[in-house]
Amino acid sequence: MTKQASPLRSGSIIGILGTGQLGRMLSLAGAQLGFKTHIYGPEENAPASEVSWRTTTADYRDETALTHFAESVDVVTYEFENVPQETANFLSQFVPVRPPVRALDVAQDRLTEKNFLKECGLSVAGFQYIETYEDLQEVHARFDGQGIIKTRRFGYDGKGQWRMTPETDLKALLNEIDNRPAICEAFIPFDGEVSVVAARSTSGQIATFDMAENIHENHILRHSFVPTGLAESLKQQAADMARLLLTELDYVGVLTLEIFVCQDKLLINEIAPRVHNSGHWTIDACATDQFEQHMRAVAGWPLGSPNRQYDAVMTNLLGTEINHIDSLAEDEMTKIHFYGKHEAKAGRKMGHVSRLFKVGHRPDREGYKLF
Ligand code: AMP
Numbered sequence: 001m002t003k004q005a006s007p008l009r010s011g012s013i014i015g016i017l018g019t020g021q022l023g024r025m026l027s028l029a030g031a032q033l034g035f036k037t038h039i040y041g042p043e044e045n046a047p048a049s050e051v052s053w054r055t056t057t058a059d060y061r062d063e064t065a066l067t068h069f070a071e072s073v074d075v076v077t078y079e080f081e082n083v084p085q086e087t088a089n090f091l092s093q094f095v096p097v098r099p100p101v102r103a104l105d106v107a108q109d110r111l112t113e114k115n116f117l118k119e120c121g122l123s124v125a126g127f128q129y130i131e132t133y134e135d136l137q138e139v140h141a142r143f144d145g146q147g148i149i150k151t152r153r154f155g156y157d158g159k160g161q162w163r164m165t166p167e168t169d170l171k172a173l174l175n176e177i178d179n180r181p182a183i184c185e186a187f188i189p190f191d192g193e194v195s196v197v198a199a200r201s202t203s204g205q206i207a208t209f210d211m212a213e214n215i216h217e218n219h220i221l222r223h224s225f226v227p228t229g230l231a232e233s234l235k236q237q238a239a240d241m242a243r244l245l246l247t248e249l250d251y252v253g254v255l256t257l258e259i260f261v262c263q264d265k266l267l268i269n270e271i272a273p274r275v276h277n278s279g280h281w282t283i284d285a286c287a288t289d290q291f292e293q294h295m296r297a298v299a300g301w302p303l304g305s306p307n308r309q310y311d312a313v314m315t316n317l318l319g320t321e322i323n324h325i326d327s328l329a330e331d332e333m334t335k336i337h338f339y340g341k342h343e344a345k346a347g348r349k350m351g352h353v354s355r356l357f358k359v360g361h362r363p364d365r366e367g368y369k370l371f
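This is the structure in structure tokens:
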């Protein structure tokens, strides 16, 4: 029998699969609501453990450890989409798992994801499954040589991706792909990349945060600017897409849509069944932030207001950039979030800052620099 039908009360324990900064910020939000969090993952001394009630350090396929974990918590959630589905299915025998396992199924495989989005009537870049040299030749012709190859699984921050151009040597490309199941997407000459973070409660209530415009550097998110300068009709369209997906998946928790803007069209790039880096600005700029919203939803509570009180620019602090602490701390409207990571490896997300501005006063993104 599974536990928990009514809203969780103070002192209840929320299990979180994954030990990184997202788990850390979920734990902090959970503590504010009176919950304890039990973190589960294979890493020792991870960012989430420092601020949580309990940590189990074990493999995601360790059924003994998973059983003990399930027995100790009232509900399970996750901070990353590559949680093995077997793990989520195993846990759901004992305890509710939110968001639902189906969301993992959709988000873990780019081909399943694209087909699902299309079936929902949403626009995505043209795509095709590729396996052989002939497939590559076919897709090369179909997309006029302009494509991006992506492995179906485990790609993130640009890993597992190859740009295809008219000049690409397709034999060499096939070697690089090295038999990993992959798709090719048409290359989209987009005007910008935006994201929408939205949440759905156990009772079906939906709340959507304002859209953020995201700037990437070396495939890693650099800044999120809020609000975007997009037309209201596009903002509404994005919120409607989020609503449709949340409902279709019978979703509980926070879901993120990454979207390409092409003139007056929105194409969904991918969805993430979790809180998201491009939603970190909500911590300081909104009445309820994405982490609290997620914890409210998984605990069976009503959602809070996502209303935005400031304009904001969120910037990730990568590697040794956290050493800029002195100058960052000098600005009283710069909110600092460090993740407690010990080693500042190049490109590693060590923390983020959100600079807050009066509504209507966000700086222009052209030439924006934090330091
Ligand atoms: P992804 O891992 O799918 O989020 O892709 C990483 C980044 O690659 C995106 O944020 C885009 O900047 C770029 N990208 C991905 N897919 C496409 C595409 N079909 N056309 C153009 N750029 C893309």
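Per the numbering used here, the sequence shown starts with residue 1, numbered consecutively.
Idealized CB from N, CA, C, for every residue including glycine.
Assumed close pair residue i, residue j - CB separation to whole angstroms, cut-off 8 angstroms
{"i": "D210", "j": "R308", "result": "5 angstroms"}
{"i": "R274", "j": "V254", "result": "7 angstroms"}
{"i": "G15", "j": "V101", "result": "Not confirmed; about 15 angstroms, so no contact."}
{"i": "I183", "j": "R243", "result": "About 27 angstroms separates the two Cβ atoms, so there is no contact after all."}
{"i": "E213", "j": "R365", "result": "7 angstroms"}
{"i": "T208", "j": "A239", "result": "5 angstroms"}
{"i": "Q373", "j": "L104", "result": "The structure shown has nothing for residue 373, since the chain only spans 1 to 371."}
{"i": "L8", "j": "G300", "result": "6 angstroms"}
{"i": "V106", "j": "L267", "result": "Wrong, their Cβ atoms sit about 17 angstroms apart, outside the cutoff."}
{"i": "G319", "j": "A344", "result": "5 angstroms"}
{"i": "R200", "j": "A70", "result": "Wrong, their Cβ atoms sit about 24 angstroms apart, outside the cutoff."}
{"i": "E185", "j": "G126", "result": "7 angstroms"}
{"i": "M241", "j": "H280", "result": "Rounded, the Cβ-Cβ distance is 21 angstroms, inconsistent with contact."}
Other residues of its chain near residue i: CB distance less than 6 angstroms, five sequence neighbours each side excluded
{"i": "A58", "result": "A65"}
{"i": "I13", "result": "K36, H38, V73, D74"}
{"i": "E270", "result": "E258"}
{"i": "G34", "result": "S10"}
{"i": "M376", "result": "It is not possible to answer for residue 376, since the shown part of the chain is limited to 1 through 371."}
{"i": "H324", "result": "F371"}
{"i": "Y78", "result": "L17, G18"}
Option nearest residue i by Cα separation, candidates the options
{"i": "L22", "options": "I13, A46, F35", "result": "A46"}
{"i": "S195", "options": "N179, I215, Q205, D178", "result": "I215"}
{"i": "R54", "options": "H68, R102, E63, R61", "result": "H68"}
{"i": "D178", "options": "R296, G160, P227, L17", "result": "G160"}
{"i": "A198", "options": "D191, Y339, I206", "result": "I206"}
{"i": "K171", "options": "T208, D157, E131", "result": "E131"}
{"i": "P374", "options": "R142, L245, Y156", "result": "The structure shown has nothing for residue 374, since the chain only spans 1 to 371."}
{"i": "P42", "options": "G18, M295, A31", "result": "G18"}
{"i": "R362", "options": "T334, K345, Y339", "result": "T334"}
{"i": "F190", "options": "L245, N82, D264, S52", "result": "D264"}
{"i": "Y156", "options": "H276, F338, K118, H337", "result": "H276"}
{"i": "F338", "options": "D331, E321, E332", "result": "E321"}
{"i": "D331", "options": "G351, F357, G158", "result": "F357"}
{"i": "S305", "options": "Q293, Q236, N316", "result": "Q293"}
{"i": "K349", "options": "S327, I336, L317", "result": "L317"}
{"i": "V51", "options": "S233, G279, G20", "result": "G20"}
{"i": "E119", "options": "L249, V95, I148, G158", "result": "L249"}
{"i": "F94", "options": "E63, F116, T56, M314", "result": "E63"}
With 16 other Cβ atoms within 10 Å as the buried cut-off, status of residue i
{"i": "I29", "result": "Reading off the sequence, residue 29 comes out as Ala, not Ile. Per the 10 Å Cβ criterion, buried."}
{"i": "G229", "result": "exposed"}
{"i": "V359", "result": "exposed"}
{"i": "Q137", "result": "exposed"}
{"i": "G347", "result": "exposed"}
{"i": "K341", "result": "buried"}
{"i": "A312", "result": "buried"}
{"i": "A329", "result": "exposed"}
{"i": "V353", "result": "buried"}
{"i": "R163", "result": "exposed"}
{"i": "T256", "result": "buried"}
{"i": "K369", "result": "exposed"}
{"i": "T285", "result": "Looking at the sequence itself, residue 285 is Ala, so the reference to Thr does not match. Buried: at least 16 other Cβ atoms inside 10 Å."}
{"i": "P96", "result": "buried"}
{"i": "S233", "result": "exposed"}
Beta-bridge partners of residue i, as assigned by DSSP
{"i": "E185", "result": "F127, I148"}
{"i": "W162", "result": "I149"}
{"i": "C262", "result": "K265"}
{"i": "R308", "result": "C286"}
{"i": "F357", "result": "D311"}
{"i": "T208", "result": "A198"}
{"i": "E213", "result": "V194, F225"}
{"i": "F338", "result": "G351"}
{"i": "I271", "result": "L257"}
{"i": "H38", "result": "G15, R54"}
{"i": "I220", "result": "E217"}
Closer than 9 angstroms to chain B by CB, residue i
{"i": "V124", "result": "Looking at the structure shown, chain B is missing, and only one protein chain is on hand."}
Own chain, CB closer than 7 angstroms to residue i, minus 5 neighbours either side, in chain order
{"i": "M1", "result": "Residue placement at M1 cannot be trusted, given a pLDDT of 46 that sits under 50; the coordinates are not used to answer."}
{"i": "G192", "result": "E213, V261"}
{"i": "N89", "result": "V101"}
{"i": "E81", "result": "L104, A107, Q108, A272, P273, R274"}
{"i": "Y251", "result": "P99, P100, A103, R200"}
Nonlocal neighbours in the same chain, by C-beta distance under 8 angstroms from residue i, ignoring five residues either side
{"i": "V83", "result": "L17, G18, Y60, L104"}
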